[in-house]
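When we follow our numbering, the leftmost residue of the sequence shown carries the number 367, and every step to the right adds one. Don't be surprised by glycine CBs; every beta carbon is placed ideally from N, CA and C.
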Amino acid sequence: MKTESAFHEKIAIVTGATSGMGQRIALDLAGNGAFVVANGRNKTNGNRLEEESPRIRFVPGDVKDPETNQGLVEHALSNYGRIDHLVLSAGQLGIGKLDEISIDDWRDTFATNVDAVFYLLRHALPVMQQKGGGSIVVIGSIAAFHAFPNHAAYCASKGALVSLVRQVALDFGPSVRINLVCPAQVQTPLLDASARAFDDPEQILAQTAQRLPLKRLGTTTDIAEAVLFYSVMPVVGSPAHTLRLTEAS
Ligand SMILES: NC(=O)c1ccc[n+]([C@@H]2O[C@H](COP(=O)([O-])OP(=O)(O)OC[C@H]3O[C@@H](n4cnc5c(N)ncnc54)[C@H](OP(=O)(O)O)[C@@H]3O)[C@@H](O)[C@H]2O)c1
367 MKTESAFHEK
377 IAIVTGATSG
387 MGQRIALDLA
397 GNGAFVVANG
407 RNKTNGNRLE
417 EESPRIRFVP
427 GDVKDPETNQ
437 GLVEHALSNY
447 GRIDHLVLSA
457 GQLGIGKLDE
467 ISIDDWRDTF
477 ATNVDAVFYL
487 LRHALPVMQQ
497 KGGGSIVVIG
507 SIAAFHAFPN
517 HAAYCASKGA
527 LVSLVRQVAL
537 DFGPSVRINL
547 VCPAQVQTPL
557 LDASARAFDD
567 PEQILAQTAQ
577 RLPLKRLGTT
587 TDIAEAVLFY
597 SVMPVVGSPA
607 HTLRLTEAS
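Given below as structure tokens:
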């Protein structure tokens, strides 16, 4: 896949860029020539990103705050004049059965996994449309389609993204394409935390790896390659386009 020319001098915003998949995605976008506005709360990790690539600007903040998302869009516009790509990778677990999770933790999980996606899309989509279009990838999860013990809020919040992305594809295409990438288990700090919801975390990770087709856990590079692919794939034939046709017929 020739990605270098496709991303050369393009402008991207990446949330969740201070760890795991988002970090890999930000570095790969920058490595392929894009200028990246990278978000997360961890300033040490964010500053390290800037040290790794002169094309990355770290703009810290909590995505649960609408102002953070507005600030990311304003930063991209004032420094680069447009937004070509959005990648929304920020996410958090909501561990617990329905009758165990606190109301605060339930709300916090939805605030990060769903509300924050709404905020960034709301600010960025009109701008992207006005400037001629672009592409968006939201990181969902296999948890949208499969139930996992002790993950009530996480499964429900990731399920909501399926409907949201489908709906936005319909309203904002064809100039803006939006896709949801739904990883299975990928080696990141979030997966380690998720495994701790089980009695024997090491065993559950080993068993999970054996159940996956490749007989190993996913890597952040696996996901970054999929995200870069969906960011540049042609409009005709894309899942969002197919979905629009299906919905319209
Ligand atoms: N790992 C898996 O197995 C797996 C599988 C399917 C889907 N996913 C999804 O993939 C995405 C990335 O997860 P990951 O595995 O890469 O996890 P990770 O390594 O824990 O990274 C999560 C990222 O989200 C950011 N974040 C969380 N809450 C935030 C907030 N309120 N404000 C700003 N940033 C926030 C974190 O930044 P700070 O800590 O700096 O704030 C961090 O950069 C998530 O949406 C997750 O649900 C993961």
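{"Asked": "Enclosing alpha helix (DSSP H) for Ala559 [first to last residue]", "Found": "Pro555 to Ala561"}
{"Asked": "Terminal residues of the beta strand (DSSP E) in which Thr381 lies", "Found": "Ile377 to Thr381"}
{"Asked": "Check: Lys581 C-beta below 6 Å from any heavy atom of ligand 1", "Found": "no"}
{"Asked": "Distance cut-off 6 Å: Gln436 Cβ against heavy atoms of ligand 1", "Found": "no"}
{"Asked": "The segment 375–388 touching the segment 398–408, judged by at least three CB pairs closer than 8 Å", "Found": "yes"}
{"Asked": "Reduced DSSP secondary structure (H/G/I, E/B, other) of Gly584", "Found": "strand"}
{"Asked": "Within 7 Å, strictly: CB atoms of Ala456 and Ile379", "Found": "no"}
{"Asked": "8 Å CB neighbourhood of Leu415 in its chain, flanking five on each side removed", "Found": "Ala383, Thr384, Gln389, Ala392, Leu393, Ala404, Ile422 and Phe424"}
{"Asked": "Segments assigned beta strand (DSSP E), at least 3 residues, entirely inside the segment 386–430", "Found": "401–404 and 422–424"}
{"Asked": "Val552 CB to nearest heavy atom of ligand 1 below 6 Å", "Found": "yes"}
{"Asked": "Beta-carbon spacing of Tyr520, Ala509 below 7 Å", "Found": "yes"}
{"Asked": "Near ligand 1: Gln458 beta-carbon under 6 Å from a heavy atom", "Found": "yes"}
{"Asked": "DSSP-derived helix/strand/coil call for Asn435", "Found": "helix"}
{"Asked": "Closest Cα partner of Ile502 within the set Val483, Ala518, Asp428 and Ala513", "Found": "Val483"}
{"Asked": "Close Cβ partners of Gln495 (< 8 Å) along its chain, the five nearest in sequence each way excluded", "Found": "Phe538, Ser541 and Val542"}
{"Asked": "Element boundaries [alpha helix (DSSP H), containing Arg543]", "Found": "No alpha helix (DSSP H) holds Arg543; the beta strand (DSSP E) holding it covers Val542 to Val547."}
{"Asked": "Below-7 Å beta-carbon distance, Ala378 vs any chain B residue", "Found": "Here chain B cannot be found, since the structure has a single protein chain."}
{"Asked": "Same chain, Cβ closer than 7 Å to Phe514, five either side skipped, listed in chain order", "Found": "Cys521"}
{"Asked": "Closer than 6 Å: Pro515 CB and nearest ligand 1 heavy atom", "Found": "no"}
{"Asked": "Proximity test, Gly406 beta-carbon vs ligand 1 heavy atom, cut-off 6 Å", "Found": "yes"}
{"Asked": "Endpoints, alpha helix (DSSP H) assigned at Val504", "Found": "No alpha helix (DSSP H) holds Val504; the beta strand (DSSP E) holding it covers Gly500 to Ile505."}
{"Asked": "Any alpha helix (DSSP H) of 4 or more consecutive residues that is wholly inside the segment 474–537", "Found": "482–496"}
{"Asked": "7 Å CB neighbourhood of Gly506 in its chain, flanking five on each side removed", "Found": "Lys524, Leu527, Val528, Leu546, Val547 and Cys548"}
{"Asked": "C-alpha distance - Val598 paired with Glu466, whole-angstrom precision", "Found": "42 Å"}
{"Asked": "Three-state secondary structure (DSSP) of Phe595", "Found": "helix"}
{"Asked": "Any non-hydrogen atom of ligand 1 within 6 Å of Thr478 CB", "Found": "yes"}
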